[in-house]
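Peer 1:
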Amino acid sequence: ELRGIIKEICIQGGLHPNFRVENYCEIIEMIKSHFAVHIHAYSPMEIYHMARNSGMGAVDVLKELKKAGLDSIPGTAAEILDDSIRAIICPTKLKTEQWVEIIKTAHRLGIPSTATIMYGHIESLGDRIAHLFKIREIQQETGGFTEFVPLKFMRKNNELGRMVKSKPSVLEDAIVHALARVILHPRCTNIQASWVKLGPRDAQRMLDFGVNDLGGTLMEENISRLSGSRAGEYMSPEDFDRLIKDAGRISRRRSTLYELL
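Under the numbering used here, residue 1199 is the last one in the sequence shown; the count climbs by one each step, no gaps.
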């Protein structure tokens, strides 16, 4: 019943110990054989995992995924692009250099991506700014980022949450989004507020701090929900329109690649 309505399928998940690149390609091919949708799938961490399990380089993995029908990749698993921070918050994830190289390789192959930051844990303001400048440098070189999405850290049901005493205030949220707009301008023109993590009203407030996008309607979302978000998993287009118009802005629907619909 949703055929023709859904424009994008986003796929991210855990790292199956036995999955090789062909397993991930099969998922894409199965979806593409049934639905004419944009496939936005597999973070740099998942691509790194595929490469290790398959005995391949990241470039060959990305070529296989693109051949299978991959359209773009999420720039998640970035967290904070500083290995001293990553050693504490995500010691088993790929290093900064590996994340950057996978993203750059995807862009060179014509696979665009988003870019993210996870803020509100042990990082400093200086760490956030340094991260933004790394994203700016990549974008200056490749031009492959479609958007930048600040992601507020959600503390529940994870080890890192035990180290974090409080969540960022709305003022901190505003500063992060505003800094992204200033530092990434004019190279990355789309700054998104995650309504799932911030909640619809605080996401709306970010429209006054450099944000020009509120993300997708979604149908199912597990990561934020299981980490304590209470914003929900779905927002209708009508609710989006109302939220944006109440902020004094004009709403426009767009594709994953920011083509106006």
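Quick reminder that beta carbons are idealized off the backbone N, C-alpha and C, glycines included. Bear in mind the structure is a predicted one, so any value in this text is a computation, not a measurement.
Assuming Pro1138 and Leu1181 are in contact, meaning their beta carbons sit under 8 Å apart, how far apart are those beta carbons, in whole angstroms?
Peer 2: Indeed, because the Cβ distance is near 6 Å, the residues count as touching under 8 Å.
Peer 1: For the beta strand (DSSP E) containing Cys948, list its first residue and its last residue.
Peer 2: Taken as a continuous stretch (DSSP letters only), the beta strand (DSSP E) holding Cys948 covers Glu946 to Ile949.
Peer 1: Mind checking which residues open and close the beta strand (DSSP E) that includes His978?
Peer 2: Unbroken beta strand (DSSP E) run through His978: His976 to Ala979.
Peer 1: Ignoring anything shorter than 4 residues or poking outside the segment 1025-1108, list the alpha helix (DSSP H) runs there in chain order.
Peer 2: Segments of the alpha helix (DSSP H) lying fully in the segment 1025-1108: 1034-1046 and 1063-1080.
Peer 1: So Thr1080 and Lys1042 are in contact, right, with Cβ under 8 Å, and what is the actual spacing, rounded?
Peer 2: Going by Cβ atoms, the distance from Thr1080 to Lys1042 rounds to 6 Å, so yes, they are a contact pair.
Peer 1: Is it true that the segment 1057-1069 meets the segment 999-1008, where meeting means three or more beta-carbon pairs spaced less than 8 Å apart?
Peer 2: Contact between the segment 1057-1069 and the segment 999-1008 is absent, because fewer than three Cβ pairs lie under 8 Å.
Peer 1: Go through its chain and collect everything with a Cβ distance to Gln1130's Cβ below 6 Å, but skip five positions before and after it.
Peer 2: Here the set comprises Glu1085, Val1087, Asp1151 and Gly1153.
Peer 1: Suppose you measure from the CA of Ile1113 to the CA of Pro1106; what does that come to, to the nearest Å?
Peer 2: Ile1113 and Pro1106: Cα-Cα distance of roughly 10 Å.
Peer 1: Distance check for Ile949 and Glu1017, CA to CA, integer angstroms please.
Peer 2: Using only the alpha carbons, I get a separation of about 18 Å.
Peer 1: So who's on the other strand from Leu1198, going by DSSP bridges?
Peer 2: Paired residues: Arg1192.
Peer 1: Can you give me the C-alpha to C-alpha distance between Leu953 and Ser981, rounded to a whole angstrom?
Peer 2: Using only the alpha carbons, I get a separation of about 11 Å.
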